[in-house]
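One structure below.
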Amino acid sequence: MNAAVQVVTAFPRLRNDMTIAHAQIEQTGKMPPAAGLACDVVLDIEMCYVLHLMRDRRSAEASMLIDGLLYNDNDDDVATATPPLYAAWLWLAHMTLLIDSGDYVLALSSAENALYQLAGITGKKTDDVLALLASLLYNLAIVHHNTGEDSRAAKELTKAQQLLERLAKKDEARYTPMLLKAIEASTQIITSRTKQMNVLAHYQTATALYTSQLTSDDENASRQALAALVDTLKKEGDIMLEVGNSRNAVKYYTKALRYQKKLSGDMGHRELTISIGLAKALMRLINRRAAAEQLLTSLLPLARRLNATAEQKEIQNLLNNKNKNFKIMNLLKTIFTIIVVLCATLSAQAQLIVGHRGSVWGVENTRAAFINGAQAGAWGLECDIHTTADGTFIICHDSNTKRVGGNETDLAQLTTMQAVNIPLTQTRRGITYAGQLMTLADYLDVCNEQNVVPVVEIKWSTNIHSSTKSPDGNTFDGVPALINLLKQKNCLDRVVIISFMSAVIEYIHQNYPQVQVQVLAGDGDINEWVDWCIKRHIDLDVLHSMLTQDAVKRLHKAGLKVNVWTVDNPDVFKRLQDWGVDFITTNAIFPKELK
66 MNAAVQVVTA FPRLRNDMTI AHAQIEQTGK MPPAAGLACD VVLDIEMCYV LHLMRDRRSA
126 EASMLIDGLL YNDNDDDVAT ATPPLYAAWL WLAHMTLLID SGDYVLALSS AENALYQLAG
186 ITGKKTDDVL ALLASLLYNL AIVHHNTGED SRAAKELTKA QQLLERLAKK DEARYTPMLL
246 KAIEASTQII TSRTKQMNVL AHYQTATALY TSQLTSDDEN ASRQALAALV DTLKKEGDIM
306 LEVGNSRNAV KYYTKALRYQ KKLSGDMGHR ELTISIGLAK ALMRLINRRA AAEQLLTSLL
366 PLARRLNATA EQKEIQNLLN NKNKNFKIMN LLKTIFTIIV VLCATLSAQA QLIVGHRGSV
426 WGVENTRAAF INGAQAGAWG LECDIHTTAD GTFIICHDSN TKRVGGNETD LAQLTTMQAV
486 NIPLTQTRRG ITYAGQLMTL ADYLDVCNEQ NVVPVVEIKW STNIHSSTKS PDGNTFDGVP
546 ALINLLKQKN CLDRVVIISF MSAVIEYIHQ NYPQVQVQVL AGDGDINEWV DWCIKRHIDL
606 DVLHSMLTQD AVKRLHKAGL KVNVWTVDNP DVFKRLQDWG VDFITTNAIF PKELK
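Take a look at the structure:
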């Protein structure tokens, strides 16, 4: 991720024609003579020279000139004062230099100053303002990516891409390079987050193993397991922090400290590093920032006593920077509130990401896959339900568990207890996971805990089934029990029910109109499916290879939504985004609010 490309391209249009000055600077590499020229012309020449220094990577000279322009002693003089647009770009350039030198704390301060300048610009937000804002968002994403905050970085890049897409339509030559850099950066972060979730799955398996070993009769083995458990819990907390799940990070760090206390009553280096992680997680929770500050303040003497120089610096930086991101967020909200009114592009709804059978990080349709999908940024989690012999809705894609390491016995022949006790294993992308089946009730609890939308696919069951070939064989007896369970779990107003059994979907739509439904389509003529949906006013959930852009337009014109499955190819993902589908169901592509 290169900040220099953005700052050069976002250089604002100047008040005066600088063609000759540009040529002189390019030829000599020096500032042209400015004696006797008007103040505004001199300032434009100085801006051109800063741009030249930035391009040539003459950082020290650029920094000195930027400081001189930003801290102008004559700012009260209207003739010599630096205009807000110029000042915003200078702060952006200053931020870029600090990013290049690895000083992310001061880089955030420069971003804050640039945003203050942009917020003060009244009237219509010009393309120059939008380009500067996009570049600032890009630079903020670099800072947050390099400091382990990929969730925040992904959001900033999404906003940057939205702005740059609009700008590129007006001036393709100028803004397309910026847009391509933002897309490239998004890909890097998505790849990074995918790796993080794979690593997290390993740690979750290790945590379960070490926890089971704590009850060993061998005291030495039990103690070794306890030490290993502390390390894995800390690493799980670190990953939760990186993907933006601060609340779960707090839980992991707190558990790690609790177990570490059993190992040692003294505060040592391990306790220090875990406590710093806990403070960082608390700092990202608005109502816990005071507690984070108190914790960090109490850790400073410990870091000094342990001669932990790196940790001392980290604590000090966190204390100095405790309100910086919060202020930047508020400034961005203020600016975007104005821009959203002016730019219809920004108000367009982003696609909602649905985790297919949870996610690729765990045995499909199990707790780990669902939780990891939610933590990776899914809006909804898709599951498949069957019915057991004792009438419980159970989560599984197939009618038996053989494909996921279980056996060939149909779930309809098993009691709930027998079904949930079947050990499952599945190897996905080179990682072997273990898990167990869940009831629908447990799955809904996970959705509520993770604040995601349940997307429930009804499979053929003894008490809910239909067939277009034999309409007389339709059975909807189990639907009331399903609706009642959704009510009990407070999910009825947000659940999405999907099924290939069109008669079941039509029955729920007619009898429970408050429930969102989508009919699944995996074969046939797409135009016939569109006609079917429009006639009944039911949303479509379609195999992505069947869909056409014209079908999306027809359904949207009729006020209907379009979901597509299962999309794991980034190129296909981007094409469907461009078509404007409403939902994308995926196993592994989980960037929040991608546009």
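For the sequence shown, this note's numbering gives the first residue as 66, with consecutive numbering after it.
Idealized CB from N, CA, C, for every residue including glycine.
Note that the structure is a prediction, hence the values are computed from the model and not measured.
Contacting residues, own chain, Cβ-Cβ under 7 Å from residue i (five flanking each side not counted)
i      : result
Gln491 : Val428, Glu429, Val469, Gly470 and Tyr498
Leu659 : With a pLDDT of 36 at Leu659, under the threshold of 50, the predicted position of this residue should be treated as unreliable, and no value is reported.
Leu551 : Leu557 and Val560
Leu134 : Glu111, Thr147 and Leu155
Lys235 : Asp192
Gln89  : Pro97
Thr241 : Ala233
Counted within 10 angstroms of its Cβ, other Cβ atoms place residue i as buried (16 or more) or exposed
i      : result
His602 : exposed
Pro635 : exposed
Arg370 : exposed
Leu476 : buried
Gln575 : exposed
Thr402 : With a pLDDT of 49 at Thr402, under the threshold of 50, the modelled position of that residue is not reliable, and the figure given next carries that caveat. Thr402 comes out exposed.
Glu111 : buried
Ser535 : Residue placement at Ser535 is flagged as unreliable, the pLDDT there being 49, under the threshold of 50; the coordinate-derived value follows with that caveat. Exposed.
Met119 : buried
Tyr136 : exposed
Pro519 : buried
Met566 : buried
Gln269 : buried
Gly543 : buried
Leu579 : The sequence shown places Gln at residue 579, rather than the Leu named in the question. Answer is exposed; the Cβ neighbour count stays below 16.
Leu446 : buried
Whole-angstrom C-beta distance between residue j and residue i, which should lie under 8 Å
i      : j      : result
Gln359 : Val308 : Actually they are not in contact, since the Cβ atoms of Gln359 and Val308 sit about 26 Å apart, beyond 8 Å.
Ala434 : Val517 : Wrong, their Cβ atoms sit about 13 Å apart, outside the cutoff.
Ile436 : Tyr508 : Going by Cβ atoms, the distance from Ile436 to Tyr508 rounds to 11 Å, so no, they are not a contact pair.
Ala375 : His334 : Between His334 and Ala375 the Cβ distance is about 11 Å, and since that is not below 8 Å, they are no contact.
Val584 : Asp606 : 7 Å
Ile523 : Val595 : Their Cβ separation, rounded to whole angstroms, is 22 Å, which puts Ile523 and Val595 out of contact at 8 Å.
Gln478 : Ala454 : 6 Å
Val170 : Leu183 : Not really, about 21 Å apart at Cβ, beyond 8 Å.
Leu157 : Ser124 : Not confirmed; about 15 Å, so no contact.
Thr474 : Asn486 : That belief does not hold up - the Cβ atoms of Thr474 and Asn486 are roughly 12 Å apart, past 8 Å.
Residue i: first and last residue of the uninterrupted alpha helix (DSSP H) it sits in
i      : result
Leu547 : Val544 to Gln553
Ala454 : Segment: none, Ala454 is in no alpha helix (DSSP H) and carries neither H nor E.
Ser363 : Arg354 to Arg370
Phe638 : Pro635 to Trp644
Ile573 : Ser567 to Asn576
Pro149 : Pro149 to Asp165
Val595 : Ile591 to Arg601
Met96  : No alpha helix (DSSP H) contains Met96, which DSSP labels as neither H nor E.
Tyr324 : Ser311 to Leu328
Val428 : From DSSP, Val428 is part of no alpha helix (DSSP H); its letter is neither H nor E.
Val208 : Asp192 to Asn211
Val485 : Thr481 to Val485
Asn178 : Tyr169 to Ala184
Met83  : Counting along the chain, Met83 falls outside any alpha helix (DSSP H), and DSSP gives it neither H nor E.
Val469 : Per DSSP, Val469 belongs to no alpha helix (DSSP H) and is neither H nor E.
Where the beta strand (DSSP E) containing residue i begins and where it ends
i      : result
Cys104 : Where Cys104 is concerned, there is no enclosing beta strand (DSSP E), although the alpha helix (DSSP H) it sits in stretches over Cys104 to Arg120.
Val419 : Leu417 to Gly420
Ser564 : Val561 to Ser564
Phe435 : Per DSSP, Phe435 belongs to no beta strand (DSSP E); it is in the alpha helix (DSSP H), Arg432 to Gln440.
Ala586 : Gln581 to Ala586
Residues near residue i in its chain [Cβ-Cβ closer than 8 Å; skip 5 each side]
i      : result
Thr272 : Leu294, Thr297, Leu298 and Glu301
Thr613 : Ile591
Gly342 : Lys299, Gly302, Asp303, Leu306, Ala314 and Tyr318
Val629 : Asp606, Val607, Leu608, His609, Leu612, Leu641, Val646, Phe648, Ile649 and Thr650
Ile599 : Arg619, Leu620, Ala623 and Leu625
Below-8 Å beta-carbon distance, residue i vs any chain B residue
i      : result
Phe458 : Absent from the structure is chain B; it holds one protein chain and no more.
According to DSSP, residues forming a beta bridge with residue i
i      : result
Trp630 : Leu608
Ala286 : DSSP output for Ala286 lists no bridge partner at all.
Cys448 : Val521
Tyr498 : Gln491
Thr651 : Gly420
Ile304 : Ile304 is not bridged to any residue.
His530 : Thr540
Thr504 : Ile459
Residues of its chain near residue i, where Cβ-Cβ distance is below 6 Å and the 5 sequence neighbours each way are ignored
i      : result
Arg626 : Here the sequence assigns Lys to residue 626, which means Arg is not the residue at that position. So the qualifying residues of the chain are Asp604 and Asp647.
Thr457 : Thr481 and Thr504
Ala99  : Val107 and Ile110
His530 : Thr540
Leu130 : Val115
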